[in-house]
Amino acid sequence: MTIFNAQNNGLKNYISNLRNIATFAVILLHVAAPFVLQFNKISFASWQLANLLDSMLRFGVPVFVMISGAVLLDRHEPLSTFLSKRLKRVVLPFLFWSLVYFIFVYAGSFQKFSTLQLLQTLMNKLLKGTYYHLWYVYMILGIYLFVPIIRKWAQNSTKQELQYFLFLWAITLLINTNVAKYLPSIEVLYFSKYLGYFVLGHYLDKHVTTSRPRNNLYIMFFAFGVALTFLSASYLSVKENHLNITYYNYLSPNVCLLSIGIFLLGKSLLHGSNALSINLDKHSYGIYLVHVLVLHYIYRSTAHLSINKNSPLSLFIYIIGISVVTYVISYAVIRLLAVNKRLRPFIT
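Right, dumping it as structure tokens:
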């Protein structure tokens, strides 16, 4: 699957390494996020730690989409080949794990449903997502349906034409901020949402030449984006005396900026490769799909532990520890399940 584990011999190492980093970032984000929601319930210092981590990790989803754009928009393949690959690499594992999460959620309630009611509930859940992290797959599938059309445009567009598209898309990002009230009511739907990240990944991969002397600039992009995200959440939440994470939105200028910084840093620095990184990348889609289930059981098995959530240091150690264990176990589970050749297409 090209969202996470594009198994192509010609795949650039930086793409593979970036995908591994983004996969872990999403897991780390899911561990840190519950503490952000505890504004005014834990110490302000601990909440600020969670806020900082969450702000730094917002790049996970945008980088996934940018990677897909970098990989897919530069390919030449028949429509039938493209669709069959997406079916095998994306849809089959998605349906399998959707069913797993449905069973996980409703296992204790099966006796309350008739067979028909159970099937109706399953179908309704499949339309919206059987668990919260699966929203991403619905979003990327929507983009994939458009790829055979937009690919022709991207491959035949000049650098300036791509920049024009991205400029209009950047304007749509302001819609998710307080600047929106100052914008004219012009319909820009065609340039909006995650399709922009998809085209951006293609543009940065094909038209932006990275170099080590420019790394400080990429770091500044990341740092400035993180600062805007962190400070806006802090200021608005304190001012309103309740949690306000408006600028956590993946489709906000600050998150876009920090995501560009990470992508370009990866393109500049992440050229190495080894057997472990290749295997992690190969199974990254499966890791993403299973990690929430693994995290649930890790939480259950560690519920007896006494964690001082009001201590930033204790909280930091806990978040990092849980994230690493979740990532390792998720990889092990997918790796073991994928040993079975018949089961493998449904796993990762």
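What the sequence shown shows, in UniProt numbering, is residues 1 to 348, in sequence order.
Here a beta-carbon is modelled for each residue, glycine too, at the ideal position from N, C-alpha and C.
Exercise. Are the Cβ atoms of G286 and I329 separated by less than 7 Å?
Worked result: The sequence position of residue 286 within the sequence shown is 286, counting from 1. The sequence position of residue 329 within the sequence shown is 329, counting from 1. It is not a contact, given that the beta carbons lie outside the stated cut-off.
Problem set entry | 6 Å Cβ shell around T2 - same chain, five flanking residues per side excluded | For this step, residue 2 is matched to residue 2 along the sequence shown. Bear in mind that the predicted position of T2 carries a pLDDT of just 48, short of 50, making it too unreliable to give a figure here.
Exercise. When the Cα atoms are used, what is the spatial distance from L217 to A223?
Worked result: Taking the first residue of the sequence shown as 1, we reach residue 217 at position 217. Taking the first residue of the sequence shown as 1, we reach residue 223 at position 223. Distance between the alpha carbons of L217 and A223 is about 10 Å.
Exercise. If you draw a straight line from the C-alpha of K193 to the C-alpha of I171, how long is it?
Worked result: Residue numbering aside, residue 193 sits at position 193 when the sequence shown is read from its first letter. Residue numbering aside, residue 171 sits at position 171 when the sequence shown is read from its first letter. Near 11 Å, if we compare the C-alpha coordinates of I171 and K193.
Problem set entry | Proximity below 7 Å, CB of V294 to CB of M56 | Stepping through the sequence shown from its first residue, residue 294 is reached at position 294. Stepping through the sequence shown from its first residue, residue 56 is reached at position 56. Cβ atoms of V294 and M56: not closer than 7 Å.
For this session: Helix, strand or coil for K12, going by three-state DSSP, please let me know.
Result: In the sequence shown, the residue the question calls residue 12 occupies position 12. Residue state, collapsed to three classes: coil.
Exercise. Rounded to a whole number of angstroms, what is the C-alpha to C-alpha distance between A33 and Q160?
Worked result: The count along the sequence shown starts at 1 and reaches residue 33 at position 33. The count along the sequence shown starts at 1 and reaches residue 160 at position 160. So the two alpha carbons sit approximately 39 Å from each other.
Exercise. For the putative contact between S277 and S16, defined by C-beta atoms under 8 Å, what is the C-beta separation to the nearest angstrom?
Worked result: Here residue 277 is taken as the residue at index 277 of the sequence shown, counted from 1. Here residue 16 is taken as the residue at index 16 of the sequence shown, counted from 1. About 6 Å separates the two Cβ atoms, so the contact holds.
Problem set entry | Distance CB(I260)-CB(F221) smaller than 7 Å | On the sequence shown, residue 260 is found 260 positions in, with the first residue counted as 1. On the sequence shown, residue 221 is found 221 positions in, with the first residue counted as 1. The answer is yes: Cβ separation under 7 Å.
Problem set entry | Integer Cβ distance of L251 from V199, believed to fall under 8 Å | The residue you call residue 251 lines up with position 251 of the sequence shown. The residue you call residue 199 lines up with position 199 of the sequence shown. Contact flag wrong, Cβ pair sits at about 14 Å.
For this session: Count the other CB atoms, across all protein chains shown, that sit within 10 Å of the CB of V147; report buried if there are 16 or more and exposed otherwise.
Result: As a working note, residue 147 is residue 147 in the sequence shown. By the 10 Å Cβ count, V147 comes out buried.
For this session: Measure from the alpha carbon of K152 to the alpha carbon of each residue in S306, F94, L79 and W97, then state which is nearest.
Result: For this step, residue 152 is matched to residue 152 along the sequence shown. Of S306, F94, L79 and W97, the residue nearest in Cα terms is L79.
Problem set entry | Proximity below 7 Å, CB of T348 to CB of H283 | The count along the sequence shown starts at 1 and reaches residue 348 at position 348. The count along the sequence shown starts at 1 and reaches residue 283 at position 283. Yes, the pair counts as a contact, with Cβ atoms nearer than the cut-off.
For this session: Quick one: which unbroken beta strand (DSSP E) runs of 3-plus residues sit fully inside the region 56-119? Chain order, please.
Result: none
For this session: Assign residue 372 to buried or exposed, taking buried as 16 or more other Cβ atoms, counted over all protein chains shown, within 10 Å of its Cβ.
Result: The displayed coordinates of the chain run from 1 to 348. Any statement about residue 372 would go beyond what the structure contains.
Problem set entry | Sequence-distant residues of the same chain with beta carbon closer than 8 Å to V31, five excluded per side | Position 31 of the sequence shown, counted from the start, is the residue given in the question as residue 31. Result list for V31: L295, I319, I322, S323 and T326, in chain order.
For this session: Assuming L18 and G266 form a contact by the criterion Cβ under 8 Å, report the distance between their Cβ atoms to the nearest whole angstrom.
Result: Within the sequence shown, numbered from 1, the residue matching residue 18 stands at position 18. Within the sequence shown, numbered from 1, the residue matching residue 266 stands at position 266. Sure, about 4 Å apart at Cβ, within 8 Å.
Exercise. Would the region 133-147 and the region 106-114 be scored as touching if the rule is three or more Cβ pairs under 8 Å?
Worked result: no
For this session: Give the range of the alpha helix (DSSP H) segment to which N254 is assigned.
Result: Residue mapping note: residue 254 aligns to position 254 of the sequence shown, counting from 1. P253 to L269 is the span of the alpha helix (DSSP H), which, as asked, contains N254.
Exercise. So what's Y131 in DSSP terms, helix, strand or just coil?
Worked result: Your numbering for residue 131 matches position 131 in the sequence shown. It is coil, neither helix nor strand.
Exercise. Is I317 buried or exposed, if buried means 16 or more other CB atoms sit within 10 Å of its CB?
Worked result: Residue numbering aside, residue 317 sits at position 317 when the sequence shown is read from its first letter. It counts as exposed.
Exercise. Within 10 angstroms of its Cβ, does A6 collect 16 or more other Cβ (buried), or is it exposed?
Worked result: Along the sequence shown, read from residue 1 onward, the residue named residue 6 stands at position 6. Residue confidence is low: A6 scores 45 on pLDDT, short of 50, so the model does not pin down where it sits. Its coordinate-derived value is still stated next. When all chains shown are included, A6 counts as buried.
Exercise. Anyone know if the C-beta pair for L336 and F39 falls short of 7 Å?
Worked result: Residue numbering aside, residue 336 sits at position 336 when the sequence shown is read from its first letter. Residue numbering aside, residue 39 sits at position 39 when the sequence shown is read from its first letter. No, the pair does not count as a contact, with Cβ atoms beyond the cut-off.
For this session: Please list, in chain order, all residues of the same chain as V26 whose beta carbon is under 6 Å from its beta carbon, the five residues on each side excluded.
Result: Position 26 of the sequence shown, counted from the first residue, corresponds to residue 26. Counting only Cβ-Cβ distances below 6 Å, and skipping sequence neighbours, we find G60.
Exercise. Taking C-beta to C-beta, are F102 and K125 nearer than 7 Å?
Worked result: Against the sequence shown, residue 102 aligns to sequence position 102. Against the sequence shown, residue 125 aligns to sequence position 125. In this structure, K125 lies closer than 7 Å to F102 by Cβ.
For this session: Would you tell me roughly how many angstroms separate the C-alpha atoms of F344 and A338, rounded to the nearest one?
Result: Taking the sequence shown and counting its residues from 1, the one referred to as residue 344 is at position 344. Taking the sequence shown and counting its residues from 1, the one referred to as residue 338 is at position 338. This sequence places Arg at residue 344; Phe is not what is there. Distance between the alpha carbons of R344 and A338: 4 Å.
Problem set entry | R82 to W97 span [Cα, whole Å] | As a working mapping, residue 82 is identified with position 82 in the sequence shown. As a working mapping, residue 97 is identified with position 97 in the sequence shown. This sequence places Phe at residue 82; Arg is not what is there. Their backbone Cα atoms lie some 22 Å apart in a straight line.
Exercise. Thinking C-alpha only, which one of G129, S306, I149 and H207 is nearest Q163?
Worked result: Residue mapping note: residue 163 aligns to position 163 of the sequence shown, counting from 1. It is H207.
For this session: Determine the direct distance from the alpha carbon of I140 to that of V90, and round the result to whole angstroms.
Result: Taking the first residue of the sequence shown as position 1, residue 90 is located at position 90. Taking the first residue of the sequence shown as position 1, residue 140 is located at position 140. Each residue's alpha carbon lies about 10 Å from the other.
Exercise. What separation, rounded to the nearest whole angstrom, lies between the Cα atoms of Y299 and M66?
Worked result: Locating residue 299 in the sequence shown gives position 299, where the first residue counts as 1. Locating residue 66 in the sequence shown gives position 66, where the first residue counts as 1. C-alpha separation (whole angstroms): 32 Å.
For this session: Count the other C-beta atoms from every protein chain shown that fall within 10 angstroms of the C-beta of Y331, then say buried if there are 16 or more, exposed otherwise.
Result: Residue numbering aside, residue 331 sits at position 331 when the sequence shown is read from its first letter. Result: buried.
Exercise. Cα separation between L264 and L119?
Worked result: Within the sequence shown, residue 264 is the residue found at index 264, counting from 1. Within the sequence shown, residue 119 is the residue found at index 119, counting from 1. Approximately 46 Å, taken between the alpha carbons.
Exercise. Using the C-alpha atoms, what's the distance from L228 back to L236?
Worked result: Along the sequence shown, one-based indexing puts residue 236 at 236. Along the sequence shown, one-based indexing puts residue 228 at 228. The straight-line gap from Cα to Cα measures roughly 12 Å.
Problem set entry | Counted within 10 angstroms of its Cβ, other Cβ atoms place L257 as buried (16 or more) or exposed | Along the sequence shown, read from residue 1 onward, the residue named residue 257 stands at position 257. By the neighbour-count rule (16 or more Cβ atoms within 10 Å), L257 is buried.
For this session: State the DSSP-derived secondary structure class of L343, mapped to helix, strand or coil.
Result: Taking the first residue of the sequence shown as 1, we reach residue 343 at position 343. Of the three classes helix, strand and coil, the one that applies to L343 here is coil, per DSSP.
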